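Structure, as structure tokens:
In this note's numbering, the protein residues as written are 28 to 976.
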């Protein structure tokens, strides 16, 4: 063995990983015995040696060791390598935060993507704090949590991850030897608890489980980070303080809100209904009210200010006088008495809104708050009294944070979107119109058979018709009854929890103008809109949001929106009820699955540019809702760069973005990590919205200069991708045999089915398991396939630039990568996916395909495209993969040594399962054990690769 490096030469990250890895080893040896530990350690050393030296003989040794694992050893091996990857992720997240702090301490400058850096940059561009504040008053920045199933970890596991991270941070502080020993002991105990916690869920998650899981992130992250982020921005935009007492506790109008699809997104999920929608809003309301009740109680404890020592405002005195607090000890403590009254009103409001007693303290009957605005007014009364009587810093302790929280979360916590596919709306309206005897030009209507023009005419006719379509005397189909019940529940929930509880209705598979009009008619029939749209008030109805997903849908999108905004009944509603804003959602996942990586991104970019022109024509503000996933093939990648690379005019202080699956956990697992990501989100939105920023001012010029070449390459890439996926005989069989797609479908990771239809067709498979499956077998082709062919042919043939030499075309691509944020981000995201690709492991999965002819026809094409793509990338950038991102490169090199054995073990287990090698009397028991082990390898590989769903 080589001698160990001196302790001071080991990076803090390596120290953390060694500490956690050593502790895990001690736990395994204690819990499983020396023999099992030795097997795991032997495998670990072989995997590390193979990764470091890359010898084929070492790779074969690793595979042989895995194939000879006894049945009982496989599960222990999977758990050991998986949990080491879990712990490595914790260490890496901690290291990223540590490096950000170190940069600030050593350089004394704010890091790009921080609020301070953004404000400094915008101020340098000539904007005043007042102007930036004005932009924020018009901003709507919304992370939308969804329940898309790519989070494979149980909540119990994630909770232990958080506890381990917290104890790891304690080691940074100044501790006595006894405290350090105690922290190490607790850390070992937590890792032992992790080892003995079941890795897999035994039952499938329900929608209610998903709702509850999402709510935990408010407790761990959003309740603390979002209000503080607003307070910090407020401080940055003020003039320099004259003294420490010169503070402003006036809350900013919230510019970041929370959104959710959980409980309202029923596209392809039969488990979402009116009850789940109601439960989502009830549980959200109860969660935020519990938070307010706790904070108000703590506020009362904190505000011990005596009236004998200071004055109060008349408004505060009146609020205190309303209290029925009987204690004589608090007669001269008006702030405490005011808090007791606020608490009593909150307790009564909780009962009225949720039907449950949420207050943990005794209270008295008090008037309920009609809205969160009334609670905010009472809290402002307390704050203004403190501010006016030398207590501004006292208000800073807790009250200012709570005031800002109420502005952000209200009584609804997060806006829940409704989503359904256009096909369902068509069937529902067809049934309603048939029963109602609707006519067009005097003829009975069969809506499903109408042309598009006829559909538009009959729908507009219904929007002006006071007569209801829905009759209480008709028994409708189960589907129609369910859809009507959901919309009626939405109307009821808006009345109970406020209009902010439900604002958007998203239409999947929007292909025509009638798809949008259908939802307006259904809202009119269920009490969300007035009997005729012309009489709808500003508070009525949900914004109709089209979701353009496939490449053809994206191409038609601007034309559909032009027609939509041209309708008089729609244009007026957008101006008045929607305050001149119309939202459009863009689907990254399905466009990628439809056309491949390059074409998807270019189509999205082109659609956005065209939408900007359409919305300018109609004097309407565009809000884009980006339906992104975790993997690069589904629009993933660093949010900061992605937002900055958007076309000019598409952000404009308005943006919503889906946060899905494992991305929610990685970005919002705790307050520190969550704060960093939210800052990036806000900073990028502000920078992209203000035309003077360097990142956006030349975008139009670059799009015009390079657009023709990009369009040509997009066509080439799309053809290459579709030729493989949809045009190659046997490709579907290859995909289902060479990836763990069927086993992923068996994981209990979400309430939503993995396929829209019960058949083995790639067209019907959801984009999420499609990307997830390729990542598992280390061939994440949704993130690069077709790109290599397109770039290589441009270099060789030139397309629109054929007059240039090959060297000149290479130089042109290099200029695109240097000057154009869109193309630079495209390459950067692809670089990460290429770095996670492993052809040796991918070939091992290909060997699972029973048809040798199919296997030999397809895998070499994937292999060749990878080499083309990597070579083109290096030609353009002038460097190898991740050469400019040493921390990520080092992290991946460390992780791969622990992911590789999981991949090889997964292949072996899949081979055993599919070949049925177990003896007959042990078949069922063995199959069940192997299936659990396969599911655990999926868990571990996903944890190791990160951002794979």
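Yeah, the Cβ is synthetic: ideal placement off N, Cα and C, and Gly gets one too. Small disclaimer: the values here were computed from a predicted structure and weren't measured.
Inset, instruction - Answer with buried or exposed for residue 109, where buried requires no fewer than 16 other C-beta atoms within 10 angstroms of its C-beta. - result: By the neighbour-count rule (16 or more Cβ atoms within 10 Å), residue 109 is buried.
Inset, instruction - May I ask you to report which of helix, strand or coil DSSP gives residue 458? - result: In this structure, residue 458 counts as helix in the three-state DSSP scheme.
Inset, instruction - Find out if the Cβ-Cβ distance for the pair residue 283, residue 139 is shorter than 9 Å. - result: Taking 9 Å as the cut-off, the beta carbon of residue 283 is found no closer than this to the beta carbon of residue 139.
Inset, instruction - Would you mind giving the Cβ-Cβ distance between residue 692 and residue 185, rounded to the nearest angstrom? I have them listed as a contact below 8 Å. - result: By a beta-carbon distance limit of 8 Å, residue 692 contacts residue 185. Their separation comes to about 6 Å.
Inset, instruction - Tell me where the beta strand (DSSP E) around residue 272 begins and ends. - result: No beta strand (DSSP E) holds residue 272; DSSP gives it neither H nor E.
Inset, instruction - Note down, in chain order, each residue of its chain lying with its Cβ closer than 8 Å to the Cβ of residue 182, except the 5 sequence neighbours on either side. - result: Cβ within range, chain order: 240, 243.
Legend entry - DSSP-derived helix/strand/coil call for residue 641: Collapsing the DSSP output to three states places residue 641 in a helix.
Inset, instruction - Take residue 66 as the anchor and find which of 77, 88, 96 has the nearest alpha-carbon. - result: With distances taken between Cα atoms, residue 66 lies closest to 96.
Legend entry - Top-ranked residue by Cα proximity to residue 469, from 488, 454, 455: Scanning 488, 454, 455 for the CA closest to the CA of residue 469 turns up 488.
Legend entry - Nearest residue (CA-CA) to residue 366, options 378, 385, 390: Per the C-alpha coordinates, the member of 378, 385, 390 positioned closest to residue 366 is 390.
Legend entry - Cα-Cα separation, residue 17 to residue 848: Lying outside 28 to 976, the shown extent of the chain, residue 17 is not represented and no answer is given.
Inset, instruction - Below 8 Å on the Cβ atoms is my guess for residue 398 versus residue 568; work out the distance and round it to an integer in Å. - result: So it is not a contact: roughly 19 Å between Cβ atoms.
Inset, instruction - List the endpoints of the continuous alpha helix (DSSP H) containing residue 242. - result: Counted as a single uninterrupted DSSP element, the alpha helix (DSSP H) harbouring residue 242 occupies residues 234-244.
Legend entry - C-alpha gap between residue 752 and residue 533, whole angstroms: If you take the alpha carbons of residue 752 and residue 533, they lie about 29 Å apart.
Inset, instruction - Reducing DSSP to helix, strand and coil, say where residue 940 ends up. - result: Correct three-state label for residue 940: helix.
Legend entry - Nearest residue (CA-CA) to residue 767, options 929, 633, 715, 674: Closest by alpha carbon: 929.
Legend entry - Bridge partners - residue 653, DSSP secondary structure assignment: BP columns for residue 653 point to 613, 684.
Inset, instruction - Tell whether a beta-carbon distance below 9 Å holds between residue 677 and residue 166. - result: Not a contact, by the Cβ cut-off of 9 Å.
Legend entry - Coarse secondary structure for residue 289, derived from DSSP in three states: Reduced to three states, the DSSP call for residue 289 is coil.
Legend entry - Which listed residue (274, 289, 441, 844) has its alpha carbon closest to that of residue 315: Of the residues 274, 289, 441, 844, the one whose Cα lies closest to the Cα of residue 315 is 441.
Legend entry - Three-state class that DSSP yields for residue 535 in the structure shown: Reduced to three states, the DSSP call for residue 535 is strand.
Legend entry - Local conformation of residue 332 per DSSP, three classes: Annotated three-state conformation of residue 332 is coil, per DSSP.
Legend entry - Rounded C-alpha distance that separates residue 552 from residue 537: About 21 Å.
Inset, instruction - Report the rounded CA-to-CA distance for residue 660 versus residue 973, giving the unit in angstroms. - result: Low per-residue confidence applies at residue 660: pLDDT is 49, beneath 50, and the placement is therefore not dependable, though the value from the model is reported in the following sentence. If I take the Cα positions, the gap works out to 13 Å.
Inset, instruction - Identify every run of the alpha helix (DSSP H) within the stretch 462-486, keeping only runs that are complete inside it and at least 4 residues long; order them along the chain. - result: Segments of the alpha helix (DSSP H) lying fully in the stretch 462-486: there are none.
Inset, instruction - Go through its chain and collect everything with a Cβ distance to residue 486's Cβ below 7 Å, but skip five positions before and after it. - result: If we look at residue 486 and ignore the five residues flanking it on each side, its Cβ neighbours are 541, 544, 545, 548.
Legend entry - Exposure of residue 924, with buried meaning 16 or more beta-carbon neighbours within 10 Å: Buried: at least 16 other Cβ atoms inside 10 Å.
Inset, instruction - For the beta strand (DSSP E) containing residue 804, list its first residue and its last residue. - result: No beta strand (DSSP E) holds residue 804; DSSP gives it neither H nor E.
Inset, instruction - Might you give, ordered along the chain, the residues of its own chain that have their beta carbon closer than 8 Å to the beta carbon of residue 721, omitting 5 neighbours on each side? - result: Unreliable positioning characterises residue 721 in this predicted model, as indicated by a pLDDT of 49, which lies under 50. A coordinate reading is not provided.
Inset, instruction - Using three-state DSSP, classify residue 570 as helix, strand or coil. - result: In the structure shown, residue 570 sits in a strand (DSSP, three-state: E or B).
Legend entry - Candidates 906, 298, 451, 523, of which the one nearest residue 504 by Cα: The shortest CA-to-CA distance from residue 504 to any of 906, 298, 451, 523 is the one to 451.
Inset, instruction - Entirely within the stretch 868-930 and at least 4 residues each: give me those alpha helix (DSSP H) ranges in chain order. - result: Counting only runs of 4 or more, we get 879-904.
Inset, instruction - To the nearest angstrom, report how far apart residue 961 and residue 59 are at their CA atoms. - result: Taking the Cα positions, residue 961 is about 20 Å away from residue 59.
Legend entry - Range covered by the beta strand (DSSP E) that runs through residue 168: 167-172 is the extent of the beta strand (DSSP E) around residue 168.
Inset, instruction - Quick one: give me the first and last residue of the beta strand (DSSP E) that residue 447 is part of. - result: For residue 447, the enclosing beta strand (DSSP E) stretches over residues 445-448.
Inset, instruction - Can you tell me which of 369, 115, 338 puts its alpha carbon nearest to the alpha carbon of residue 412? - result: Comparing Cα-Cα distances from residue 412 to each of 369, 115, 338, the minimum goes to 338.
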